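Quick notes on the structure that follows.
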Amino acid sequence: MEITRRLFSYSNAISLHVPGHHGYSIGSLQLPIHHDMTEITGLDDYHHAEEVIADSQRNLSRSEQYEARYLVNGTTVGILSVIYAHKKKSHKKVAIMRNAHKSVFNALDLTGTEAIILPMTVSDKINQYVGIDELNIKAKPELDDVDIAVLTYPNYYGETFDIKGAIDFFHGQGIEVLVDEAHGAHFDISPQFPTSSLNDGADYIVQSYHKTLPALTMGSVIHMNKNSLLLKEVYDYLAILQTSSPSYLILSSLEQAHEFYSHYNDEVFHEKRQALLHALRHFEVIEVQDPLKVVLKKSGYSGEELKTLLEEQEIYIELSNYDSILLVLPLWHEGDTYPFNELLRRLKRIGLEDREPLELPHPLNVNEGVYSPVKGGYQEVLLEEGVGQRVYHALIPYPPGIPYVLPGERLSEAHVKVLSAYQNVHGIIDGKITIIDER
Ligand SMILES: Cc1ncc(COP(=O)(O)O)c(C=O)c1O
1 MEITRRLFSY SNAISLHVPG HHGYSIGSLQ LPIHHDMTEI TGLDDYHHAE EVIADSQRNL
61 SRSEQYEARY LVNGTTVGIL SVIYAHKKKS HKKVAIMRNA HKSVFNALDL TGTEAIILPM
121 TVSDKINQYV GIDELNIKAK PELDDVDIAV LTYPNYYGET FDIKGAIDFF HGQGIEVLVD
181 EAHGAHFDIS PQFPTSSLND GADYIVQSYH KTLPALTMGS VIHMNKNSLL LKEVYDYLAI
241 LQTSSPSYLI LSSLEQAHEF YSHYNDEVFH EKRQALLHAL RHFEVIEVQD PLKVVLKKSG
301 YSGEELKTLL EEQEIYIELS NYDSILLVLP LWHEGDTYPF NELLRRLKRI GLEDREPLEL
361 PHPLNVNEGV YSPVKGGYQE VLLEEGVGQR VYHALIPYPP GIPYVLPGER LSEAHVKVLS
421 AYQNVHGIID GKITIIDER
């Protein structure tokens with residue numbers, strides 16, 4: 001009963017992290033456990049929807065130009081399906097951004113597809129990958145061999161870039177665009193929030209409803225432009241890659257989250273957000289384009305230390321990194337049951353001291369490149385011993401799940417320093433990594 005007991009131990013916890021229902025306190029989800037059902041008479045077959053699921057999915061569509069489908073295996077399965085569909089029809093490459101989620105790299109590995117890595121821009125505010133360096137891609141002959149681009153918009157931290165410019169650019173080259181909008185399911189919820197790439201003609205858009213809207217974890221939505229070239233193949237792969245026992249609880253939560261999205265009034269949200277930012281004034285508060293995301297820093301403190309200070313008050317955040325932490329705010333609304341006043345009380349108890357600033361972290365690699373699935377054998381070595389070697393399995397701090405060192409890239413001392421600041425890095429087990437066996 002380890003998992004169950006541990007889950008019960010969080011009964012006093014306050015959530016500033018996904019999922020977007022924040023401990024069932026946002027939205028008014030109705031999810032009685034007896035709604036966990038199967039395809040009995042009167043319900044519908046998810047993989048061959050003709051009745052209630054089909055009707056519900058028609059309402060889910062956010063625009064005439066798009067068909068929308070519920071996903072019960074997260075945005076991950078939407079990304080996998082589009083890349084599999086692409087492989088089925090084309091021998092060309094995929095263009096990706098360096099901050100692609102690991103599901104993109106997994107899809108490339110599984111389908112044996114090569115990718116070109118686009119040159120990136122990094123945000124001044126928080127030193128994270130944010131967009132494409134368009135000046136550097138305009139004249140790329142490598143794009144002649146690409147027919148789909150996968151763009152991450154927004155980044156994990158809620159920063160946006162000119163997605164319309166990027167989509168128009170790729171379309172101008174005859175390249176379709178899949179937008180990984182995992183962190184933007186709530187976009188367009190009101191004029192104060194960024195807009196979705198649905199407005200900009202993206203061909204495929206995948207949104208993790210569960211991250212920012214009140215839906216159960218694993219609940220996502222794919223929107224497909226009715227003119228997209230891979231429409232039929234994507235449906236085929238969604239049926240192959242998703243479970244044959246889809247959860248009605250997830251489907252129902254997605255439907256309710258969509259209803260919430262469609263009728264949301266953001267007045268209470270902005271009032272509470274202002275009150276929260278005031279309560280956080282002893283931190284360095286960094287606001288990004290998406291008001292739902294807040295980054296906190298404090299001179300001389302590592303992200304891990306800041307996270308611990310909050311956890312001592314049983315406030316749990318989305319992630320910590322080298323020198324900052326990320327909060328995902330709830331979409332507060334009239335009548336929500338989120339313990340907001342208690343959050344303010346707990347924040348008041350946190351004491352911070354003046355410290356010398358930390359050394360600046362290693363600058364991110366913004367260069368273009370090529371990603372080829374790595375083949376052959378590997379060796380295991382301690383992280384520090386891997387300096388100068390080419391890594392076999394990607395090194396991926398989790399969260400955010402964005403590879404910091406890609407397979408085939410050479411590990412540097414600066415990489416080791418940054419990776420050591422993360423508690424959980426996929427690709428490091430018992431302090432060891434894998435390197436390509438070049439003996
Ligand atoms: C940018 C990005 N894309 C895709 C995913 C996968 O989404 P899901 O958890 O809905 O499968 C994540 C998850 O963290 C993500 O951060």
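Quick note on full-length UniProt numbering: the sequence shown kicks off at 1 and runs consecutively.
Using N, Cα and C, we set each Cβ at its ideal position, and we do this for glycine too.
Because the structure is a prediction, the values reported are computed rather than measured.
Among the options, the one whose alpha carbon lies nearest that of residue i
i, options, result
"G165", "D45, L151 and G158", "L151"
"G386", "P330, R69, T434 and H17", "T434"
"G427", "P214, L383 and K226", "L383"
"M97", "S412, V418 and L364", "L364"
"G369", "I53, E39 and M120", "M120"
"I53", "G376, K375 and L251", "L251"
"Y46", "S9, L310, L249 and A182", "L249"
"V288", "A275, P154 and G388", "P154"
"T243", "T76, P330, L309 and D180", "T76"
"R335", "V391, L310, F269 and S299", "The sequence shown places Gly at residue 335, rather than the Arg named in the question. Per the Cα distances, F269."
"E64", "L198, H393 and Q274", "L198"
"F8", "G23, D162 and P19", "G23"
"N367", "V94, V72 and G131", "G131"
"K60", "M224, V82 and S299", "According to the sequence shown, residue 60 is Leu rather than Lys. Nearest C-alpha to L60: M224."
"I317", "E380, R6 and H17", "H17"
C-alpha gap between residue i and residue j, whole angstroms
i, j, result
"E255", "D236", "23 Å"
"E353", "Y301", "9 Å"
"T212", "T160", "16 Å"
"E284", "L343", "18 Å"
"Y371", "V177", "18 Å"
"F170", "I33", "46 Å"
"T195", "R62", "12 Å"
"V414", "Q30", "According to the sequence provided, residue 414 is Ala. The question's Val does not apply to it. Roughly 49 Å separates the two Cα atoms."
"R355", "S15", "28 Å"
"L358", "G303", "11 Å"
"R345", "Y338", "14 Å"
"L231", "V179", "15 Å"
"N12", "D290", "28 Å"
"I79", "F260", "25 Å"
"D124", "L327", "19 Å"
"L108", "I205", "18 Å"
"T113", "I325", "34 Å"
"Y404", "I40", "46 Å"
"G20", "I222", "18 Å"
"residue 502", "L110", "Because residue 502 is not part of the residues shown, which for the chain are 1 to 439, the question remains open."
"Y10", "E2", "13 Å"
"Y331", "K140", "The sequence shown places Leu at residue 331, rather than the Tyr named in the question. Approximately 41 Å, taken between the alpha carbons."
"A68", "K226", "10 Å"
"H210", "V72", "10 Å"
"Q274", "E380", "49 Å"
Residues bridged to residue i [DSSP beta-bridge criterion]
i, result
"T434", "E380"
"T4", "DSSP output for T4 lists no bridge partner at all."
"D147", "DSSP output for D147 lists no bridge partner at all."
"H34", "Answer is none; H34 lacks a bridge partner."
"G369", "I117"
"G131", "T121"
"S320", "I325"
"Y66", "N225"
Anticipated Cβ contact below 8 Å, residue i with residue j, distance rounded
i, j, result
"L347", "L280", "7 Å"
"D437", "Y378", "5 Å"
"K297", "D323", "6 Å"
"Y66", "N99", "With 8 Å as the limit, Y66 and N99 do not qualify as a contact, their Cβ atoms being about 25 Å apart."
"P407", "H393", "7 Å"
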